[in-house]
DNA sequence: GGCATGATTTGATCTGCATCAAGGAAGAGG
DNA sequence: CCTCTTCCTTGATGCAGATCAAATCATGCC
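Below, the structure is given as structure tokens:
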């Protein structure tokens, strides 16, 4: 039985929270934060643990504080596709919906800041700061899903791998309010199988393409779960789209 | 130059609107509807016309009244993926964003109920009925995008075609507040190429699979743009997922 | 250390769909 | 009626990535 970190950090204050500036609560005022503090609790999961099963009831919603999780959908015969990637500051759960439509699995050790559903929904109805931010985040997620549709529908295996690394690098940089450039290192808290499920490939193809990119010097592997990108712009070219990621300036 | 139908219908009243019960304005009260009437105007486009180009400014948002449109994304080398399908009652545009990220093309003749951006955003900030409904619709769209990810990542060409027909049948039935069952006819306001762009296939594969389904009696074709589904449940089985579409009862 | 367990790599072969290449069909405009 | 043009179908061939099969590597446990 894994050691549950939940109660170690159960009373961390919002004003020192690392995701404060990007999470659902980003626009909240002091009094709203106080309300949120009253309904929140932390939970931790280890890599591989299931956080929610599709079809189960959920009595909470949550923000990812650290770590990574995947939303996963399945066909009856077992074919699996990841349909959402939860990184720090992302939101888990849908207000107004009790039953989870997707299975959520921790792909690395993860810490969630959970809010009890009922009080959260109540506050959501009161606070335009909260509901406005949630709308904004949902629209961003929809944009990300649409980029992902392009990836799954039209990119080659090699481009898919490169795209995933670009996404992870951008997200990691965004938390530090930067953008990736030149030499850059990324944590890769995913097994080859999880990557395959994300990219609509098999794990063998993922392995082959990763090693091909490595052989050609586009990436360097430090162990299996850490990637160094010697030239970020070169990786972006491999990813197939030349967009700058839509970030300003 | 096509004949512009825009001004023929420029003053249709909201209370006789066919999409009233499902569009952004669904939860609005009489006074909010009056505000909306003041900022709205209708525009029509013919099949194949571009409604918005990616990168262009948009000074309106809109609801689809009738017809169909596709949001489309492209890689520099021309590979094209549809990333959104706009059917009656769907919402076009993102509040707070001026520049369109995707090209929007009418795939059939289409009528839009447009709202001037600024007044709409103002009302959105005032009205929880409006913003709440928009959040709800955005979350539904995200769910649809996630089903689509599964389709693109893991389904065979045959399953993809069947899935598209199931989606169109469900949407057509939903407008009449029903669910498809038994024998059912669907309009297919898409060229083979548009279907291919939706499904991440080539138009040749779409054509072959459509005719294969026809040969096997799963579908019947009335002309090229109308499909009769003799047994809806059989089509759902071909689509690969046995879900009931998530509708209650 | 020795041994299980799970993750990853690597190789050989197969196959579904893309690609390339002609034709048909059906409507629009002269 | 003829001739574009656009859309669709059908056939032949090739290839990227799936599938099947075995090592290799790591890690934790006894």
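Residue numbers (the numbering used here), protein chains in the order written: chain B, 167 to 415; chain R, 167 to 415. Even for Gly, the Cβ is constructed at its ideal location relative to N, Cα and C. Fair warning: this is a prediction, and the values are worked out from it, not measured in the lab.
Proximity to residue i [Cα-Cα], best of the options
i                      : options                    : result
residue 403 of chain B : B:325, B:358, B:354        : B:325
residue 365 of chain R : R:193, R:250, R:242, R:186 : R:250
residue 287 of chain B : B:315, B:393, B:226        : B:226
residue 368 of chain B : B:323, B:383, B:329        : B:323
residue 194 of chain B : B:336, B:297, B:239        : B:297
residue 353 of chain B : B:310, B:261, B:266, B:390 : B:390
residue 337 of chain R : R:282, R:192, R:307        : R:307
residue 274 of chain B : B:191, B:217, B:372        : B:217
residue 140 of chain B : B:302, B:301, B:385, B:341 : Coverage of chain B is limited to positions 167 through 415, which leaves residue 140 of chain B absent and any answer about it impossible.
residue 238 of chain R : R:182, R:284, R:294, R:268 : R:268
residue 328 of chain B : B:192, B:242, B:362, B:233 : B:362
residue 260 of chain R : R:304, R:242, R:254        : R:304
residue 196 of chain B : B:387, B:185, B:180        : B:180
residue 401 of chain R : R:236, R:334, R:309        : R:334
residue 348 of chain R : R:281, R:255, R:397        : R:397
residue 405 of chain R : R:320, R:387, R:370        : R:320
residue 256 of chain R : R:341, R:360, R:374, R:282 : R:341
residue 294 of chain B : B:191, B:408, B:407, B:270 : B:191
residue 356 of chain B : B:178, B:189, B:252        : B:252
8 Å Cβ shell around residue i - same chain, five flanking residues per side excluded
i                      : result
residue 339 of chain B : 345, 346, 350
residue 265 of chain R : 221, 222, 223, 224
Cβ neighbours of residue i in the same chain (closer than 6 Å, five flanking residues each side left out)
i                      : result
residue 175 of chain R : Unreliable placement is indicated for residue 175 of chain R, whose pLDDT of 48 sits below 50; the coordinate value is still reported in the next sentence. Counting only Cβ-Cβ distances below 6 Å, and skipping sequence neighbours, we find 208.
residue 399 of chain B : none
residue 187 of chain R : none
residue 211 of chain R : 217, 272, 276
residue 240 of chain B : 246
residue 183 of chain R : none
Contact list for residue i against chain R, beta-carbon separation under 7 Å
i                      : result
residue 314 of chain B : 315
Chain-ordered neighbours of residue i on chain R, where CB pairs are closer than 8 Å
i                      : result
residue 285 of chain B : Those within 8 Å of residue 285 of chain B in chain R number zero; the least Cβ separation is about 18 Å.
residue 250 of chain B : 312
Closer than 7 Å at the beta carbon, the chain B residues around residue i
i                      : result
residue 215 of chain R : Within 7 Å Cβ-Cβ: nothing; residue 215 of chain R doesn't reach chain B, min ~22 Å.
residue 247 of chain R : 315, 316, 319, 320
Interface residues of chain R facing residue i [CB-CB closer than 9 Å]
i                      : result
residue 188 of chain B : Ordered by position in chain R, no residue passes the 9 Å Cβ test against residue 188 of chain B, which lies about 16 Å from the chain.
7 Å Cβ shell around residue i - same chain, five flanking residues per side excluded
i                      : result
residue 279 of chain B : 206, 208, 228, 229, 231
residue 332 of chain B : 401, 402, 405
residue 415 of chain B : Legend: pLDDT at residue 415 of chain B = 41, less than 50; position of this residue unreliable, no value from coordinates given.
Does the count of Cβ pairs from the region 234-253 of chain B and the region 198-206 of chain B closer than 8 Å reach three? no
Listed in chain order, which residues of the region 336-369 of chain B have Cβ atoms closer than 7 Å to some Cβ of chain R? 366
Residues from the region 295-326 of chain B in contact with chain R, defined by Cβ distance under 7 Å: 297, 300, 301, 304, 305, 307, 308, 309, 311, 312, 314, 315, 316, 318, 319, 320
So does the region 270-290 of chain B actually touch the region 308-327 of chain B, counting three or more Cβ pairs closer than 8 Å? no
Within 9 Å of chain B by C-beta, residues of the region 213-242 of chain R in sequence order: 237, 239, 240, 241, 242
May I ask you to list, following chain order, the residues of the region 383-414 of chain B that have a beta carbon less than 9 Å from some beta carbon of chain R? 406, 407, 408, 412
Using 8 Å as the Cβ pair cut-off and three pairs as the minimum, do the region 376-392 of chain R and the region 215-231 of chain R touch? no
Mind checking the region 252-282 of chain B against chain R and listing, in chain order, the residues whose C-beta falls within less than 9 Å of any C-beta there? 260, 261, 262, 263, 267, 268
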